[in-house]
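Residue numbers (the numbering used here): 21 to 399.
Shown next, in structure tokens, is the structure this report addresses.
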Amino acid sequence: MNFQLTEEQAMIQKIVRDFADKELMPMAAELDEKEEFPHEITKKMGEMGLFGLPFPEAYGGSGAGYLAYAIAVEEISRACASTGITYAAHCSIGTGPIYLFGTEEQKKKWVVPCAQGKMFASFGLTEPNAGSDAGGTQTTAVLDGDEWVLNGSKCFITNVGVSKVAVITAVTDRSQGTRGISSFIVPTDTPGFTVGQPYHKLGLKASDTREIILENARIPKENILGKTGEGFKQFLVALDGGRISIGALSVGIAQACLDAALKYAKERVQFGQPIAKFQAIQFKLADMKMKTELARLMVHKAAALKDQGKPFSMEAAIAKLYASETCMQNASEAIQIHGGYGYMKEYPVERFFRDAKLMEIGEGTSEIQRIVIARLLGC
């Protein structure tokens, strides 16, 4: 078992880390404060080829693989989690389903420009009454001649305000339960496709998150993804990859918390010495380091299995669960180490804490991850 990154993966890590440190980190607090989407940053990321890392060259990518992509997600998120979730949502659950289940024509039309960073994609699954219970989808799609007519609403949709295309789940046959849910490729300029105002969120404020309203939105018959009734199965597969993304994002925030806490502990003097000399602080830092490394290893394992074409659902759920909870714990400890200063916006750990919480909620809550793991154990 080789735990070393390949030469290509190490190079990608260095390039993305340098970019994040020099261009993204200095802007992160301002982007958060203004709740401003990082248009210029994501444009540069596209030019660097970052959006194409997990996709083959035939579809506009570089074929670097999912592990290389997870490494990039971590490095971006360490600098700015808002940009990290923008990147992750676009690649894993926005573009991912079209790449995994689309026809050759659909891939050429949509995956290629998405992988090249020329457009954003989003994923419309969550609804006001269908969150953890995604099988409770109420949005409908009815075939009318050569067109599907979509009606319903989606909420908490990342990137939809900047996307050119969205993958939307809708019920095509309610009598079939989850087997009656299908997925559709919907251009966001489709008449009847309306995007709401940006949500004002606790954290990840520079990411674009909005609701979608579908009112007799008509799309061509061929815009269905796969076959009717395959939507539920499709998004379960897509979410496995998305969980690796959120795991990597969580590791990035967790590492940022550790870096900030260690720096502060070495500089802050109390009782005549840096607080890093006190065992109480040392133990906190040691635990933060240990958990971050373990979370990173689990994310890398899940991504490596995906790259190898092996089953990875269990590993993805464990990686997402452990990394997200580590992320939240590290954020809390980082503030504790900073004391009163950690509660102030002048220090980045306040932002890390706000950003961290969604990691335990998005792409399946911690409770849902435990259910997934238990089911995969045969319980």
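Cβ coordinates follow ideal geometry from the N, Cα and C atoms, glycine included.
- Under the three-pair Cβ rule at 8 Å, the segment 323-332 counts as touching the segment 254-264.
- In this structure, the CA atom of K247 is about 7 Å from the CA atom of S202.
- Y79 counts as buried, since no fewer than 16 other beta carbons sit within 10 angstroms of its beta carbon.
- Setting aside the 5 residues that flank it on each side, D228 is surrounded in the same chain by F57, T106, T178, N179, V180, G181, V182, P218, each with a C-beta closer than 8 Å to its C-beta; the list follows chain order.
- Cβ-Cβ separation between K174 and E250: approximately 19 Å, too far for a contact (criterion under 8 Å).
- In the three-state scheme derived from DSSP, where H, G and I count as helix and E and B as strand, S270 is classed as helix.
- Of the other Cβ atoms in all chains shown, 16 or more fall within 10 Å of the Cβ of F373; this residue is therefore buried.
- Here A237 is near T210, since their CB atoms are less than 8 Å apart.
- Here I32 has L73, A84, A88, I91, A92 as same chain residues with Cβ atoms under 8 Å from its own Cβ, once five neighbours each way along the sequence are excluded.
- Annotation for D307: the continuous alpha helix (DSSP H) segment containing it runs 299-327.
- Contact check for A315 and A280: beta-carbon distance about 17 Å, past the 8 Å limit, so the pair fails to qualify.
- Straight through space, the alpha carbons of Q293 and I391 are spaced by roughly 47 Å.
- Excluding the 5 residues flanking it on each side, G267 has same chain C-beta neighbours closer than 6 Å at V319, A339, K340, A343, in chain order.
- Ranked by Cα distance from L278, the first of I301, F291, V132 is I301.
- DSSP, read as helix, strand or coil, puts C175 in strand.
- Within the model, the alpha-carbon separation for E235 versus R199 is close to 24 Å.
- Its chain contains F75, Y79, K127, V131 as the residues whose beta carbon lies nearer than 7 Å to that of Y119, once the 5 sequence neighbours on both sides are disregarded; these appear in chain order.
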